[in-house]
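For reference, the structure discussed in these notes is given below.
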Amino acid sequence: MSLITWSNQLSVGVQEIDTQHQKLVQLINGLHDHMLAGDANDIMGKVLDRVIDYTGFHFGTEERLMAEHGYPESPAHKSEHQKLVATAVDLQTKLRTGQAHITMETMKFLRDWLQHHIMQSDKAFGTFLKSKGVA
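Have a look at this one:
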């Protein structure tokens, strides 16, 4: 059972960003599947590493587009990115040292953060990019 289901409601209307969001949804759903299966922390850690790595790649894409097109909300948007990365890296560290486990609460946080971020910040950014001719 998927934690997040991709739908057109999550689309920001910019193909590159939508494709990357779909990949993030897939990775988070994969992490959720491993959690439900009760996989060991080292396996969960490797899956979380992939989520964090791809998230960094995706945020880099968004931030490059912000700079290229002069997005006026760039500082606030980047701040949201930085906060999620810090939270994820903290979880990664705690998982590696045995101080934490990936739980349903963790998965709900990731789901809610991603959906909220897409529906609020990324949709506004998508509208801005489309106004600049980016599709």
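For what it's worth, the working numbering labels the leading residue of the sequence shown as 1, then goes sequentially.
Yeah, the Cβ is synthetic: ideal placement off N, Cα and C, and Gly gets one too.
Note that the structure is predicted; figures quoted are calculated from it, not measured.
Check                                                                                                                                             : Outcome
Please classify His81: does DSSP put it in a helix, a strand, or coil?                                                                            : helix
In terms of residues, what are the limits of the alpha helix (DSSP H) holding Leu110?                                                             : 104–117
Which first and last residues belong to the alpha helix (DSSP H) in which Gln120 is found?                                                        : Unbroken run through Gln120: none, as it is neither H nor E.
Using alpha carbons as the reference points, say which of Gln120, Gln15, Thr103, His116 lies closest to Asn41.                                    : Thr103
Find out if the Cβ-Cβ distance for the pair Gly133, Ile17 is shorter than 8 Å.                                                                    : no
Nearest by alpha-carbon distance to Gln20: which of Glu62, Ile4, Leu48 is it?                                                                     : Glu62
Go to Thr61, then tell me how far its alpha helix (DSSP H) extends in each direction, as first and last residue.                                  : 41–69
If I measure Cβ to Cβ from Met66 and keep anything under 7 Å in the same chain, skipping five residues before and after, which residues do I get? : Ser74, His77
Thinking just about the alpha-carbon of each residue, which of Met107, His117, Lys46 is nearest to the one in His81?                              : His117
Determine whether the beta carbon atoms of Val47 and Gly30 lie at a separation below 8 Å.                                                         : yes
What would DSSP say about Ser74, mapped onto helix, strand or coil?                                                                               : helix
Quick one: Cα of Gly98 to Cα of Asn8, how far?                                                                                                    : 38 Å
Taking only the alpha-carbon atoms, compute the straight-line gap between Thr27 and Leu3 and give it to the nearest angstrom.                     : The sequence shown places Leu at residue 27, rather than the Thr named in the question. The alpha-carbon atoms of Leu27 and Leu3 are separated by roughly 11 Å.
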